[in-house]
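Under our numbering, the first residue of the sequence shown is numbered -19, with each subsequent residue one higher. Here the structure comes first, spelled out in structure tokens, and everything after it is commentary.
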Amino acid sequence: MPHSSNAPKGENMTMRALYLFAILFVVDGHIPLRDMMDLGGLMGYYSFHLLLFAFVSGYFFSPEKRALPSLAAKAKRLLIPLYLWNLLYGLLAAFLRRAGGFALGQELNAYTLLLAPLTDGEHFVYNLGSWFVFPLFLVQAGYLLIQRVCARLFGGRWLLPSFLVSLAAGSTAAALCAGGHQAALPLFAMRALILLPGYAGGVLYRRALESRDRIPTAPYLLVILTLRALLFARYENLSYLLSSCSYFPCGPFGVYVGGALAIAFWLRVARIAAPVVARSRLALYASRHTFDIMMHHYMGFFAVNCVFLLMNMAGVGAADFSVLSFRTKSGYVYTPFGREQFAVIYVAAGMLLPLAAAWIQEKAKGALLSLKK
């Protein structure tokens, strides 16, 4: 008997699965313990997970005849929620500083409310993942500009030139970071340039490579893992810190070749997992709400720590929970009995709490719309 699917007909389940993997890597990667899905370090999240997000976004790129309305729609979808949540998290950080003795997040002022969401994004801590939103918007706008210029110069053969221009821009930015010159451009521009080849790669894959992606799975994955292992023999580390652009030990070659290999690996795994994702309402909901998870997963961690704090205060387990670290360290994670396996609790909360918030928000919006009718 065939299994039923919860996905609309025609929805790309491989990309849905890939979005799900990408956000899982982000959430798990923000927990300062061993990563659960990095294959013993061979697929370290920080060597590809944000490029993977850019790749999936690029996969859905469509050339626009009218660029300004398209950019306006993207800004409305990404930047307006960014600013609204920035205000709410700023108020939360201020309240916790004054009422709870916390020492996290910057003060509310004109900079943190108006400019920091674009120039920094990590200023209130509790919504730390939101720094990624503005660079992603810049990537979408930048690639649209590159594509339009290349279409004028090369006509219908704009695909490869657009990718090469994007790769050259990203490689230049990565080389500047690797050489300690990350201040040569504003941080938000450096972040966007480094992500740009990932987005362009998604466009290239859908339009030129996807139909040729027919290599049998076993040799395909084996070759990718072998090549990643050889890169580790060449570089100290394939991971890098895109948020600060301060640590790039592998240079542009390691960033993009290593990233391409990792994306290719998880792309094939996503293809295998696609039928399972299609049958799971929760998995589909998570893959469609990656913005919410990116924005709010630190609050999931915070909620878990609050539970451990209450247990500590009540004398019911969690005796060695560090109240001081909870109040002063953004990445504090409590591991009962020193067991890192408890990190799965934080991952689950980092995924589920934002999804619950998104569900409540959608129900409330639906109720308001029905009242207006």
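Glycine residues also receive a C-beta, built at the ideal position from the N, C-alpha and C atoms. No experiment lies behind these values; they were computed from the predicted model shown.
Using alpha carbons as the reference points, say which of Val36, Met23 and Ile3 lies closest to Met(-5).
Val36
Do you know offhand how far Leu48's Cα is from Leu59's?
15 Å
Thr206, buried or exposed, once every other Cβ within 10 Å from all chains shown has been counted against 16:
exposed
Cutoff 8 Å; reference Ala83; Cβ partners in own chain excluding five residues on either side
Arg77, Arg307 and Thr308
Would DSSP call Arg78 helix, strand or coil?
helix
Spatially closest choice to Leu118 from Lys54, Ser151, Tyr39 and Ser142, by CA coordinates:
Lys54
If I follow the unbroken alpha helix (DSSP H) through Gln357, where does it start and stop?
Missing from the structure shown is residue 357; the chain here goes from -19 to 353 and no further.
Met293 classed as buried or exposed, judged by whether at least 16 other C-beta atoms fall within 10 angstroms:
exposed
Proximity below 9 Å, CB of Arg186 to CB of Gly38
yes
Ala298, DSSP secondary structure in three states:
coil
Ordered along the chain, which non-local residues of its own chain (more than five positions away) have a Cβ less than 7 Å from that of Leu31?
Leu175, Gly178, Gly239 and Ile243
With distances taken from CA atoms, which of Lys345, Leu211 and Tyr326 is nearest His277?
Tyr326
Name the two residues that bound the continuous alpha helix (DSSP H) containing Val105.
Per DSSP, Val105 belongs to no alpha helix (DSSP H) and is neither H nor E.
Use the C-beta contact count for Gln341: other C-beta atoms within 10 angstroms, 16 or more gives buried, fewer gives exposed.
exposed
Output the distance between the C-alpha atoms of Asp100 and Ala198, rounded to the nearest integer angstrom.
42 Å
Below 8 Å, how does it come out for the stretch 247 to 256 and the stretch 266 to 274: are there three or more Cβ pairs, yes or no?
no
Between the C-alpha atoms of Val324 and Leu140, what's the straight-line distance to the nearest angstrom?
42 Å
From Leu98 to Leu88, what distance separates their C-alpha atoms?
15 Å
His(-17) burial status per 10 Å Cβ neighbour count (16 or more: buried)
Because His(-17) sits at a pLDDT of 48, beneath the cut-off of 50, its placement in the model cannot be relied upon, and the point is left open.
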